[in-house]
Each structure stands twice: as structure tokens, then as C-alpha cells.
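Going line by line, the protein sequences match chains B and R.
Numbering that gives the first Met the number 0 puts the first residue of the first sequence at 0, with every later residue one more than the last.
Numbering that gives the first Met the number 0 puts the first residue of the second sequence at 0, with every later residue one more than the last.
The beta carbon of each residue, even a glycine, is placed where N, CA and C say it ideally should be.
Only a predicted model underlies this, so the values are computations on that prediction, with no experimental measurement involved.
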Amino acid sequence: MSAVWVWVENRGGEIIAVGKEAIGAARMVADELGEDLVGIVFGHNVAGIATAAFDLGCDEVIGCDDETLDKSRIEAVGPLLVAQIQEHEPAAFIIGGSTRGRDVAAWVAADLDLGVVTDAVALEVDGDVVKATRPVYAGKLLATAFTKGSTQIVTLRSRAFPQAESTGNSGSADWIDAVVDEDDIPTKVVGFEGKGNTVSLTDASIIVSGGRGVGGPEGFEPVRELAGVLGAAVGASRAAVDAGWIPYDHQVGQTGKTVSPDLYIANGISGAIQHQAGMRTSKIIVAINKDGEAPIFKLAHYGIVDDLFKVLPALTAEFKKRL
Amino acid sequence: MKVVVCTKQTPSTTAVFSVNNGAVSWEDSGGKPNVVNPWDEYAVEEAIRVKENHGASQAIALTMGTPDSQEALKTCLAMGCDEAILVSDPSFAGSDTLGTARILAAALEKIDGAKVVIFGKQAIDGDTGLTPVQVARKLGWTPVTYVSAIKEIKGHTITLERLLEDGKETVTTDLPVVISVVKEINEPRYPSFMGIRKANRATIPTWSAADLNISGGVGAGASQADWSHVYAIPAREGSVEIIEGDSVEEKVAALVDKLFEEKVI
């Protein structure tokens, strides 16, 4: 057997949330297999990331610090990873399921003819095999999945695993050279427009969502106010997005975002199966709806059957008092 | 320059699933049980727009699937694709994303002049989102995923905007490319009456394994990923606790107590 690897996704000098979740999950897998955990740290000016990876529980770090890796372009990252995996043949490679992380998994698997299990929400080790539980058919069913190749590649759903915590561990990384020159990378990043400080839906620990029941664009005001007090992201059902009350960015569900916050507060959302597919893995679900028969109450842990335009301002006021 | 859109036939979003001894089946009481993968509708629309706005000579829809996937391809024709091709062979059954990528890559190599290949960001059945990058690797073309705008195609250069978790990234790259698109990219058109008539009359060619020069294994035997153990989501334990009270304030205070107890605030 050989080590377990984890993709330490980093941006702006920090390991991002899915990267920390991946380290936590991979540490568990490595311990179960009785193997070392190796953090893969690629980027530009990433010495601090390597230090942080050790601190979060990696036993070793393979790092590459190169300008070509700055924007996480897959054409720079992919070939370097492929070469390293061929050389070391890790038992498993755990990757946080961000947009960039999924590209990494797809590229490596294609070049090395390996399988990938995507979007794991739970992991277990059975002998030498890493088995992942993952939603399929847009979250309507679950599957237990595994891959057969020499390196088992798994991507993780955002927020499905707790982030690794500081262990006080330290070490020195094995720094390697990049394998692709800038001149050989056709893709150039010519612009970037960041989202600013708004909480992204997939990263949010609390989501306050509105559906058809909010009645119009102005109906999202009390939703936003509650979200503001809680530091939450604002979600929406497809009905509200299709009606043009709120941009598509906010849509939760089968053709929107899939989210797993600690707390999901559904306001005026009936709970169609397409919506449920996007939020059913939330830890605690609260439904606020006038209609006590709405399907959302079958999924919810707590419910208030009342007018959301009375409940929401009261909730906002109550949290303001207590937080 | 031709643009090819790769689509897949999937269960409808309103389909209700059941699992019997590991076999998955679905039905849709309100409509068609199988549809063009909803994410692919944006890809089909964008392919037609590449023809309309960026000078592609033809927009071609390509599907790998069972013979009944012709239905999904007819939708693509009805929306405005010039041609549709079905890639189908009993030996393809059970292919994983890698097998699928090998098959699609072989089919794309057979389409002379294809320079832009468009996928939806993922299919709503397997939900892996791996295939676009893997097809690009098998062809040796450039992959660009999660595209929210095709800004320009000029000579051999394409300018694209990608929607990532932290913002919008604009990239330029060289043709040929394989891209996957997100919902923000466009508003898919409805099939026109003329389009539907044309689609119903169209004969859709089927390419089998013998027609393609596939390199590497395909089908269930070559699959590197096993997700055969599929099951219904266990019902949530316990039922909803409806918070009662004489006033909204009372209900709200009781709910907030519960949320603090659950340690989710």
C-alpha cells in the first residue's frame, strides 16, 4: 500500500474551505488504511500553504511553487499531477468538489485511465477500498460507489465533511518543479471579477430561502433582513427565480445549487422534489409556510405554520436581541 | 468551422424513482419520463448561437445512448440544430465517464471541421460533470468548464467567461476547444412549429462501434467506477416538530430556543 493524497486547494494565500474539508476527510481515510497523508500544494507563493497543510494534519507535503500555477489553470496543474501520481502511485487521492477540483479529478483520471467517484457525502474504508456514499439522479437516490484502479480518486461535496483543525504538526515540504512552460499553455486568464463579500450559497453555514410564497421581488426583503442578522446566504426556489424576483445565482435545487448548510430556513417554499434534491442534506431544516400540508414539512425538522410576513420580521427581531 | 453539442437523454426533473433489487426505474405521471438533460438545453442553445453569431457553418447534435435517445436528438433538431447523430451500440452499455469520453472523442474525430464542442455542465442522472474534460483529454483539445459566456471567436482564438465559486474569470484560448456551459449563459429557445415538423421528418444516422475508431475499453467491463449499489434515501428519522404558540412572537421565541439547542446558530 501507499500513501493517501489530498488536494490542498488554495486561493489568495489561504486554504479554501473545501480544501480543509478534504484534508479532514483524507486524514480519516489515511488513518483507517494505516497510511501517511500527503498534501498536494500547488500555486504561486505557497510556502505558507504548505505550513498550514502540515498544521492541519498532513504527514508530508509535495509542493510546487510556480507562476504558471497561480490561477489554478488545469493545463498547468493537470500534467504535473499526472506525472507525480505515476511516480508515487498513491492509494487514494481525495479532492474537494469545487469547480476547479472537479476539473483536476477529470483530467488526472482521463490521462491515467482511472475511475472517479464524485460528490461524496460520506466515506468509509473497507479493506483497501475507499467506499463513498454519493447522491445520484439529482439527489433522489443514493449510491455506494468505489473505483477499481490503482489510485482511488474521490471528490467531496462541499460542506459534507468537517474542516480539519490545527494539530500543531509541522514539517518541510518536498518542493518539485513545474513541468509545463507558460508558452505551452494555450489558456490565458485575462480578467477576473470577484464576488466581493457576499456569502456564497455553497459555502454558507446558514441559508435563508424564499419561494413562491414571498409573492414578489419585494417579498425577498424580509428574507434578506433575516439573512443579514444571521450572516446567512439568501437562497430561492426555482419558482421565485423563474418569476424574475431574484437572480439565478440564488437558486437552490436540481437545476440550481446543491447546498448542505447547518441550518436551512425555507420561507414560502412548498418543497417540490426538485427543490428537495438541492437542500435535503442540510443539517437542520426549518419550514415557514401558511400551508401546513406543504411537502416541505415532511423534510423539515421544525415548522411554523403561519404568515411568513409576520414570522420573518419577528424572527429577525428575536435574533437581533439574542445575538 | 462546425460546432457540435453533446447531449444526453436523462430522466425528467419531475421523474419519481424506485429501486427494486438494485434496479433503478422511474416514471413521470405528468409528462415524458425521458428528456434532453436539462443542463444540455443551454448547450444546445449556445451551439445554435455560435452558428448564428460566430459564423459556424453547422450546429450538430451528438448523443451517445440507447436507440430511444433519438427522441432527445429530435428536440435538438426542433430547436434548430442542422444535424443530429446518435452513437449507439450494445457494447457501450454500462460505460463509465471514461468509456463515454473515448466513444464521444472517436465520434467527434469523425466529424470533419468540428472546432467547438459544447456540453452542459453535468447530466442530472450520474451528476459527475467529468465527461467534458475527459473528452477534451482524449482528443488532445483544450477544456474550459463552467462557461457563462462565449464573448468572441476570432480566427483561432476564443474568449470565454467562466462562472466559478469566487467570481467570473475571463480566459482566451486556442481552438479547438471542449467547453461545458452553465445556466447563466443563455435562455434556451422553444422549438418552433417548423422545427418540430422538420425534426419529425428527419432520419437520424446511428454510428455503431464498427463505425468508430475507439481507442481503449468501453462498456461495463471496462468501467473503472462502480456505483451499482443504488438505494432509496432513507426516510428522515422522526417527523417535523410544528412550533405552536398563542402569538407569532411566542412561536418565534420557541423556535429560536430550539435552534440554539441544536447549535446551528
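| Check | Outcome |
| --- | --- |
| For R/T62, the three-state DSSP class (helix, strand or coil) | strand |
| Simplified DSSP assignment, three categories, for R/A113 | strand |
| Segment contact flag, the region 292–310 of chain B with the region 276–284 of chain B, C-beta cutoff 8 Å, min 3 pairs | yes |
| Complete runs of the beta strand (DSSP E) confined to the region 188–276 of chain B [at least 3 residues] | 205–209, 232–235, 262–266 |
| Stretch pair the region 197–210 of chain R + the region 245–260 of chain B: three plus CB contacts closer than 8 Å | no |
| Partners in chain R for B/I283, counting only beta-carbon separations shorter than 8 Å | L258, E261, V263 |
| Residue range of the unbroken alpha helix (DSSP H) whose run includes R/T171 | Counting along the chain, R/T171 falls outside any alpha helix (DSSP H), though it belongs to the beta strand (DSSP E) covering 166–173. |
| Nearest to R/K114 (by Cα), restricted to the options R/A224, R/L138, R/G93 | R/L138 |
| CB contact below 8 Å: B/K139 versus chain R | yes |
| Residues from the region 142–155 of chain B in contact with chain R, defined by Cβ distance under 8 Å | A142, T143, A144, F145, T146, K147, G148 |
| In DSSP terms, what R/P142 is bridged to | R/V177 |
| Spatially closest choice to R/S207 from R/V116, R/K120, R/F192, R/D88, by CA coordinates | R/D88 |
| Three or more C-beta pairs below 8 Å linking the region 67–81 of chain B and the region 125–139 of chain B | no |
| Cβ of B/Q273 within 8 Å of any chain R Cβ | yes |
| Whole-angstrom C-beta distance between B/L140 and R/F16, which should lie under 8 Å | 6 Å |
| Backbone CA spacing between B/V198 and R/K167 [nearest angstrom] | 15 Å |
| Residues of its chain near R/A106, where Cβ-Cβ distance is below 8 Å and the 5 sequence neighbours each way are ignored | L61, M63, I84, V86, W206, L211 |
| Beta-carbon neighbours of B/L314, restricted to chain R and to distances below 8 Å | V251, L254, V255 |
| Backbone secondary structure at B/V178 - three-state DSSP | coil |
| First through last residue of the beta strand (DSSP E) which encompasses B/Y301 | 301–304 |
| Min CB distance B/L298 to chain C below 8 Å | Annotation note: the requested chain C is absent from the structure, which comprises protein chains B and R. |
| Sequence-distant residues of its chain with Cβ nearer than 6 Å to B/C57 (five each side left out) | L36, G38 |
| Own chain, CB closer than 7 Å to B/V310, minus 5 neighbours either side, in chain order | I287, I303 |
| Under 9 Å from the C-beta of R/T62: neighbouring residues of chain B | Going along chain B, no residue has its Cβ under 9 Å from R/T62, so there is no contact; the nearest lies around 19 Å. |
| Sub-8 Å separation of R/V160 and R/S147 beta-carbons | The sequence given here has Glu at residue 160 of chain R, not Val. Yes, the pair counts as a contact, with Cβ atoms nearer than the cut-off. |
| In DSSP terms, what B/W6 is bridged to | B/I39 |
| Enclosing alpha helix (DSSP H) for B/F145 [first to last residue] | First-last for B/F145: 140–146, but that is the beta strand (DSSP E), not the alpha helix (DSSP H). |
| Contacts around B/I14, its chain only, beta-carbon distance under 8 Å, and the 5 residues preceding and following it disregarded | V7, E8, I22, I48, A51, A52, L55 |
| Sequence-distant residues of the same chain with beta carbon closer than 6 Å to R/I195, five excluded per side | A77 |
| Residue environment, B/L322, which counts as buried when at least 16 other CB atoms sit within 10 Å | exposed |
| One or two residues paired with R/P10 in a DSSP bridge | R/N33 |
| Exposed unless 16 or more other CB atoms sit within 10 angstroms - verdict on B/H274 | buried |
| Test: B/R211 CB closer than 8 Å to a CB of chain R | no |
| Check whether B/R156 and B/V116 have beta carbons under 8 Å apart | no |
| Own chain partners of B/D248 with C-beta closer than 8 Å, once the 5 adjacent residues on each side are dropped | L200 |
| CB contact below 8 Å: R/P10 versus chain B | yes |
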